[in-house]
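Q: Sharing a structure here in structure tokens format.
Residue numbers (our numbering): 196 to 812.
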């Protein structure tokens, strides 16, 4: 297996492998044992998962003081973000150099996203509704089907349990930003509940820079309200019936090159009804009916008229999952059906397609050996049948040190824009395909956590805008399966508790996301990016500093429009001055660094936010 990365990256991985046993000799504390769901579609201890995973817990989110979910994700390893303006603007999330539409996004197990663009509406996901987040890197088409080339991000809202809990927080800061969220959760007998609602508003700043042809010097703010909940009923021992939902409604301004107002609307809705039944000690069956809606509108007003564009996606999802324990091993059998429907004032996009899927996976544990194998077939009414598979092996050298190796295939379905948009789409376009190989080493013992993963994901049949189009009648080019790309690199992470007060954490990604045909760097993705954070805790006071860095990127496929590298210094503090009350303060971009995540689109300067959180349990 070949991973052509830098010598420095290889030496860093070697140093990690040598250092891990030495660190273990210094401490014999028990291995941390977080439980994750996304990597195997069922709760499993992180130490038994071969896939490369990341978990962002509720306390970490609360301490972060992040203003949006993309801001939170941008600080994590293996993740880059592009955004066309402030927090209310359209954004893309790249995992390991993959494109934004090569990542699946789930909210409480319900898939979201636009069938026309293939991407999730990150700007509409309210951070105030989030309890915790799981990220799984690499191909997961064998578990989740089309589009899981770069990985899967699953967002979990709060689940009710235990005694009554109340939670509320308010925040205000720069650019006239203010927000408030309140929630209640708990259980009463066999009934569990969790409900939350909130509102955010910001005056914002001009989304574009003067060099843009769309520039308008007015402020581009946003207004968002949301509500979410989970209700569950234990109808009998081992049998649970539940319902969950999330609603987010946002209106945000943007620049259109005139003094007339231009704004977008983004509505996101998810709902699911599930039944979880333990049929025997070894067999659990989960049945779910779910639906998500993504409604995206764009409007420009003049003195006499209002121009509008509207694209709505509805995804209906049905799944039947069986988890069977075979001693220390587990077998999972899965059947799914998903229907995508688009409504739009662009008539050519008003289409639908259905996909029926069958999958099986096996996870084996034999002493210090782990093995995971999976296979899946997705049969689509539009692009036909696609089969994917994966195989992974892990070995525990010591209780805290493990090495992994895996291989997996994946694919991305053509979007409705790439198939049907007038003057651009071709109904004959095929799915993109990926083949990923990776090796990793992970160490977790006591106060020390270390990790290194080397990967190489070869992509073929990439859909790009090619001009001239091989088909007649396309003046400005068309979407066509012509490109190949390689996503390769090394992802490094470390976390160390220093005494009783300090925690130091760092991550670095050394990658080469490249278009194989031209040899150019993929758009808006850097070859180097990373984060360093130091946190200090003294009694009820927690303070911290973060440094986010990124190398240069390009805003075009020809690599002519360069986006400079940047480094951002952020400071934060939280003071729990009472058992139920916590005050927070955050200062982002302390040095007022000017940088761009997309060419000629503005980013926030130095900003300060103060908040107050109440929690009763």
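Yeah, the Cβ is synthetic: ideal placement off N, Cα and C, and Gly gets one too.
Output yes or no for whether 8 Å exceeds the beta carbon distance between residue 607 and residue 622.
A: Not closer than 8 Å, so no.
Q: To the nearest whole angstrom, what separates the beta carbons of residue 445 and residue 467, a pair I think is in contact under 8 Å?
A: Not quite, the Cβ-Cβ distance comes to about 22 Å (not below 8 Å), so this is no contact.
Q: Which residue comes first and which comes last in the alpha helix (DSSP H) that contains residue 615?
A: Taken as a continuous stretch (DSSP letters only), the alpha helix (DSSP H) holding residue 615 covers 611-615.
Q: Rounded to the nearest angstrom, what separates residue 668 and residue 279 at their Cα positions?
A: Each residue's alpha carbon lies about 31 Å from the other.
Q: For residue 561, collect the residues of the same chain with a Cβ closer than 8 Å to its Cβ; drop the 5 residues on either side in sequence, then sort them by chain order.
A: Cβ neighbours of residue 561 beyond the five flanking positions: 523.
Q: By alpha-carbon positions, which one of 231, 246, 232 and 327 ends up nearest to residue 268?
A: Among 231, 246, 232 and 327, the Cα nearest to that of residue 268 belongs to 327.
Q: According to DSSP, which residues form a beta bridge with residue 690?
A: DSSP output for residue 690 lists 644 and 700 as bridge partner(s).
Q: Given a cut-off of 8 Å, decide if residue 802 and residue 370 are closer than it, judged by their beta-carbon atoms.
A: Contact: yes.
Q: Note the first and the last residue of the continuous alpha helix (DSSP H) segment covering residue 338.
A: Where residue 338 is concerned, the enclosing alpha helix (DSSP H) stretches over 336-339.
Q: Within the same chain, show all residues whose beta-carbon is closer than 6 Å to that of residue 335, passing over the 5 residues directly before and after it, in chain order.
A: Cβ within range, chain order: 343 and 347.
Q: In chain order, what residues of the same chain have a beta carbon less than 6 Å from the beta carbon of residue 762, not counting five sequence neighbours either side?
A: Here the set comprises 744.
Q: Ends of the alpha helix (DSSP H) at residue 256?
A: Where residue 256 is concerned, the enclosing alpha helix (DSSP H) stretches over 253-259.
Q: Please name the residue, chosen from 401, 425, 282 and 423, that lies closest to residue 414 on a Cα-to-Cα basis.
A: It is 401.
Q: Using the beta-carbon count (16 or more within 10 Å), is residue 255 buried or exposed?
A: So residue 255 counts as exposed.
Q: In whole angstroms, what is the alpha-carbon distance linking residue 638 and residue 688?
A: Going by the C-alpha atoms only, they are around 10 Å apart.
Q: Can you tell me the Cβ-Cβ gap for residue 730 and residue 697, rounded? I've got them flagged as a contact below 8 Å.
A: With a Cβ gap of about 7 Å, residue 730 and residue 697 count as contacting.
Q: Around the C-beta of residue 726, are 16 or more other C-beta atoms found within 10 angstroms, so that it is buried, or is it exposed?
A: Looking at its Cβ environment, which holds 16 or more other Cβ atoms inside 10 Å, residue 726 is buried.
Q: Pairs of beta-carbons, one from the region 506-520 and one from the region 462-480, closer than 8 Å: are there three or more?
A: Because the criterion of three Cβ pairs below 8 Å is met, the region 506-520 and the region 462-480 touch.
Q: Would you mind sorting residue 245 into buried or exposed? The rule is 16 or more other CB atoms within 10 Å of its CB.
A: Classification for residue 245: buried.
Q: Among 770, 368 and 508, which has the Cα closest to the Cα of residue 537?
A: Out of 770, 368 and 508, 508 has the C-alpha closest to the C-alpha of residue 537.
Q: Verify whether the separation of the beta carbon atoms of residue 792 and residue 798 is less than 8 Å.
A: Their beta carbons are under 8 Å apart, which means residue 792 touches residue 798 by this criterion.
Q: So the candidates are 804, 811 and 795; which of them puts its Cα closest to the Cα of residue 277?
A: For residue 277, the nearest C-alpha among the options comes from 795.
Q: How many angstroms separate the CA atom of residue 804 from the CA atom of residue 264?
A: Using only the alpha carbons, I get a separation of about 16 Å.
Q: Using alpha carbons as the reference points, say which of 528, 374 and 742 lies closest to residue 558.
A: For residue 558, the nearest C-alpha among the options comes from 528.
Q: Grab me the residues of residue 567's own chain with a C-beta within less than 6 Å of its C-beta, minus the 5 sequence neighbours each way, in chain order.
A: Taken in chain order, the residues that qualify are 245, 558 and 587.
Q: Give me the Cα-Cα distance between residue 423 and residue 285, rounded to the nearest whole angstrom.
A: Near 22 Å, if we compare the C-alpha coordinates of residue 285 and residue 423.
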